[in-house]
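Presented below is the structure to which this report refers.
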Amino acid sequence: MKSLLHIISSSFTAGLCIGIAGLAYLKNPDIIGAVLFGFGLLTVVHYKLKLYTGTAGFFTNKKEFFALFPILLGNILGCAVAAAAFRYCMDVTSLSAGIVAKRLSSNVLSCIILGIGCGFIMTTAVQFARENKFLPLLFGVPVFIMCGFYHSIADAFYYATWLSFENISQASDVFVKWAVTVFGNFIGCNLYRMLLSKWISADKNGTLSQKTSSIDANDSTYQKAC
29 MKSLLHIISS SFTAGLCIGI AGLAYLKNPD IIGAVLFGFG LLTVVHYKLK LYTGTAGFFT
89 NKKEFFALFP ILLGNILGCA VAAAAFRYCM DVTSLSAGIV AKRLSSNVLS CIILGIGCGF
149 IMTTAVQFAR ENKFLPLLFG VPVFIMCGFY HSIADAFYYA TWLSFENISQ ASDVFVKWAV
209 TVFGNFIGCN LYRMLLSKWI SADKNGTLSQ KTSSIDANDS TYQKAC
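For the sequence shown, our numbering begins at 29 and goes up steadily by one.
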């Protein structure tokens, strides 16, 4: 239970970060906004927050896989709270209308493909960031935005700023387009594993063997035996 609460709390905070980054992009829907959006991802990585697109490509067992569901829920709640707060202070509905219209005009396959592109970039950026190499993250975020790829958590924020009683009839269409984007992100986040798992495993084993040999060669028992 404690672990679940931590996941929800962390993922909720990540959703807030993406909401703030999303607002920056809505206010500056160009390359400047795309760069500013990187603030959200940098914050998530620095504080090791649970963001769906930052964790979907790194699970190693069933427990971590199923943890993606509460992470997704927490992200949505964080985005929804951020959207509600911003809607109270300013007119963000008109700012997100164009983005939402583009999403709803896309067919299911397009949403999946564009979601895959974003997921692939996110896993690449996060992997480098975990190694304290942040340039791929700084470049990766503007790249996926300028390419028009779909980020499911950012989209959750955009949808939350746009949905109202006037357009509630489109809620089912919104959910479908968002859900397939989540699926596309998942595929993209795991594309490295799907395509390169054999070679990645071989490389890791080779690195492990080299480290083991190095340890053995420097071990005092080994040196005495020589």
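Quick reminder that beta carbons are idealized off the backbone N, C-alpha and C, glycines included.
Express the C-alpha separation of A49 and F40 in angstroms, rounding to a whole number.
Taking the straight line joining both Cα atoms gives about 14 Å.
Take the Cβ of L44 as the centre, count every other Cβ of all protein chains shown within 10 Å, and call the residue buried at 16 or more, exposed below.
It counts as buried.
Beta carbon of P164, beta carbon of F177: below 8 Å?
Not a contact, by the Cβ cut-off of 8 Å.
Could you have a look at P98 and say whether DSSP puts it in helix, strand or coil?
In this structure, P98 counts as helix in the three-state DSSP scheme.
Would you decide whether Y186 is buried or exposed? Buried here means 16 or more other CB atoms lie within 10 Å of its CB.
Buried, by the Cβ-count rule.
Tell me, to the nearest whole angstrom, how far the beta carbon of N103 is from that of Y80; I am working on the premise that it is less than 8 Å.
Between Y80 and N103 the Cβ distance is about 5 Å, and since that is below 8 Å, they are a contact.
Using the C-alpha atoms, what's the distance from V72 back to N258?
Nothing about residue 258 can be read from this structure; the chain reaches only from 29 to 254.
Evaluate K55 with the Cβ neighbour count: other Cβ atoms within 10 Å of its Cβ, from every protein chain shown; 16 or more gives buried, anything less gives exposed.
It is exposed - the Cβ of K55 has fewer than 16 other Cβ atoms within 10 Å.
So H74 is in the alpha helix (DSSP H); what residue range does that whole segment cover?
Residues 59 to 74.
Does DSSP classify V210 as helix, strand or coil?
Reduced to three states, the DSSP call for V210 is helix.
Are the CB atoms of C139 and K205 within a distance shorter than 8 Å?
Result yes, Cβ atoms of K205 and C139 sit closer than 8 Å.
Who are the near neighbours of A110 in its chain, counting only those whose CB is closer than 6 Å to its CB and skipping five residues on each side?
So the qualifying residues of the chain are L44, G47.
Just verifying my parser: in three-state terms, what is the DSSP assignment at L191?
In the structure shown, L191 sits in coil (DSSP, three-state: anything other than H, G, I, E or B).
Between A188 and the rest of its own chain, which residues show a CB-CB distance below 6 Å, the 5 nearest in sequence each way excluded?
Counting only Cβ-Cβ distances below 6 Å, and skipping sequence neighbours, we find C107, A108, A111.
Which residue marks the beginning of the alpha helix (DSSP H) containing I173, and which one marks its end?
From DSSP, the alpha helix (DSSP H) with I173 extends over 163 to 174.
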